[in-house]
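What follows is a set of notes on a single structure, which appears directly below.
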Amino acid sequence: MKIAIVKEQATGERRVAGTPETAKKFIGLGAQVAVESGAGVSASIADADYAAAGATVGDRASVLDGADIVLGVQGPDPASLSGVKPGAWIVAGLNPFGERARVDAYAAAGLEALAMEFMPRITRAQSMDILSSQSNLSGYKAVLDAAGEYGKAFPMMMTAAGTVSAAKAFIMGVGVAGLQAIATARRLGAQVSATDVRAATKEQIESLGAKAIFVEKVAGIEGEGTGGYATEMSDEYKAAQAELVSSHIAKQDIVITTALIPGRPAPRLITDAQIATMKPGSVIVDLAVEQGGNVEGAVAGEVVERHGVKIVGHRNVPSRLAADASALFARNLFNFLSAFWDKEKGAPILDEEIGNAIRLTQGGKIVNERLLAS
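What follows is the structure, encoded as structure tokens:
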């Protein structure tokens with residue numbers, strides 16, 4: 178069983194799908210690990226570190242030659258995978274809805290594509306969940322990005338020259354990223370409030386010492402979809418939420434938005450009119466900018482200014498913490514493959530529950546129900 182760890186091809190992608198730690202663990206299972214030269218450089222991992230762990234390091238052609246499994250952060254270009262075995266597994270974050278043509282190409286090439294972001298949110302798969310591990314870092318980094326753009330201090334400071342008031346931070350969307358953003362903003366000394374469409378998150382918000390801002394007395398505000406994700410809200414709820422947010426957002430210095438709905442464009446949470454009510458010098462960080470954005474006027478890959486308010490729209494936020502993001506991502510992949518490792522066959526064998534959830538292609542066809550229904 179040969180496992181290939183390839184260098185990422187996407188512009189700006191600094192992470193790597195395997196580390197010396199996970200390479201050594203795969204070798205311990207009996208696998209051969211090959212790493213493309215330079216794959217870990219952007220994540221502060223030298224080729225020599227992989228070699229010291231027992232992996233072979235070489236050019237892309239030699240690494241892919243005869244590979245049974247190819248590990249990636251983002252899905253590699255199918256045209257760049259020549260040499261892998263027929264039916265080889267591609268294990269990565271594949272963006273199935275946004276990169277459907279690439280998924281079709283995997284099928285045409287006879288590859289078995291496994292989308293790690295489709296991992297079901299069940300207890301036994303928590304350690305395999307790339308969305309959670311990467312979102313956790315995104316929430317942390319979003320607060321640091323906001324602090325970097327904000328022209329004032331976060332904590333209250335009492336000095337001989339007078340008092341500096343604490344910044345007011347509002348987190349919109351309390352999933353993994355939002356919860357980490359709350360915790361980080363609190364640690365920096367901000368006064369933090371947060372909201373979400375899922376009523377069950379109110380207790381989580383308050384447990385972190387933040388103020389929960391929720392729409393009350395509107396039917397169906399639970400907002401809980403399958404797998405713990407938020408669902409699309411009714412027009413009645415959207416109107417009530419917009420009114421509540423408008424009155425609250427005008428008082429905030431920092432706003433961080435994190436709301437995503439799988440397979441759909443990000444919901445619009447903040448309008449241009451609402452931005453205009455904010456104080457000059459305020460900062461908004463839109464973590465959903467690559468999926469269309471929660472904030473009107475946000476631009477992917479840029480920091481723009483509207484009505485005196487900075488709107489931060491960095492792409493691929495986890496990649497901005499490449500070393501830690503790679504370590505967590507690599508462990509997710511190892512936890513996944515090792516959980517299904519058959520010692521006799523020396524290879525992983527997936528069960529139906531997880532296999533059917535994440536498998537996109539097999540036998541030259543698209544086989545995932547979510548893709549077939551889209």
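Just so you know, the sequence shown maps onto residues 178 to 551 in this note's numbering.
Even glycine gets a Cβ: it sits at the ideal position worked out from N, Cα and C.
- Q381 and L288 have their C-alpha atoms some 42 Å from each other.
- Counting along the chain, the unbroken beta strand (DSSP E) around Q251 starts and ends at 246-251.
- Per the coordinates, the alpha-carbon of L437 lies some 14 Å from the alpha-carbon of F274.
- A check of alpha carbon separations from G235 across P253, A499, V210 identifies V210 as the nearest.
- In the structure shown, the three-state DSSP call for M305 is helix.
- Restricted to the stretch 181-267, the beta strand (DSSP E) segments that are unbroken, complete and at least 3 residues in length are 209-213, 233-235, 246-251, listed in chain order.
- With respect to the C-alpha of Y327, the residue from N545, G523, L527, K487 having the closest C-alpha is K487.
- By the beta-carbon neighbour count (other beta carbons within 10 angstroms, threshold 16), M349 is buried.
- One alpha carbon belongs to D281, the other to G485, and they sit about 44 Å apart.
- A contact between stretches requires three or more CB pairs, one per stretch, nearer than 8 Å, and the stretch 292-302 fails this requirement with the stretch 335-343.
- When rounded, the separation of the alpha-carbon atoms in K542 and L548 is 11 Å.
- A straight line joining the alpha-carbon of I461 with that of S221 spans about 30 Å.
- Counting only runs that start and end inside the stretch 446-474, the beta strand (DSSP E) elements of at least 3 residues fall at 460-463.
- For the pair G352 and D373, the Cα-to-Cα distance works out to about 8 Å.
- For the pair Y283 and I267, the CB atoms are nearer than the 8 Å cut-off.
- A direct Cα-Cα distance of roughly 6 Å separates G469 from A443.
- For Q368, the secondary structure class from DSSP, reduced to helix, strand or coil, is strand.
- For V341, the beta-bridge partners assigned by DSSP are M334.
- The shortest CA-to-CA distance from K345 to any of Y414, E529, I433 is the one to I433.
- Contact between A216 and V193 is confirmed by a C-beta separation of about 5 Å, below the 8 Å threshold.
- The three-state reading of DSSP puts K388 in strand, counting E and B together.
- Approximately 7 Å separates the beta-carbon atoms of V183 and V240; this is inside 8 Å, confirming the contact.
- For the pair of segments examined, the stretch 441-459 was found not to touch the stretch 352-370: the number of CB pairs separated by less than 8 Å stays below three.
- Collapsing the DSSP output to three states places T435 in coil.
- E276 and E294 have their C-alpha atoms some 13 Å from each other.
- The alpha-carbon separation between V544 and G249 amounts to approximately 21 Å.
- By alpha-carbon distance to P457, the top candidate from A419, L510, R483 is R483.
- Here the C-alpha atom of E185 lies approximately 8 Å from the C-alpha atom of R191.
- Burial check for Q418: the Cβ neighbour count within 10 Å reaches 16 or more, so the residue is buried.
- Take the alpha-carbon of A265 and the one of D412: they are about 46 Å apart.
- V476 and S496 have their alpha carbons spaced roughly 18 Å apart.
- As a beta-bridge residue in DSSP terms, L291 pairs with V268, R536.
- In the three-state reduction of the DSSP assignment, D412 falls in the helix class, which pools H, G and I.
- Excluding its 5 nearest sequence neighbours in each direction, D430 has C-beta neighbours in its own chain below 6 Å: A344, K345, S459, listed in chain order.
- At least 8 Å separates the beta-carbon of V466 from that of I447.
- Taking 8 Å as the upper bound for CB-CB distance, S503 and T196 are in contact here, some 6 Å apart.
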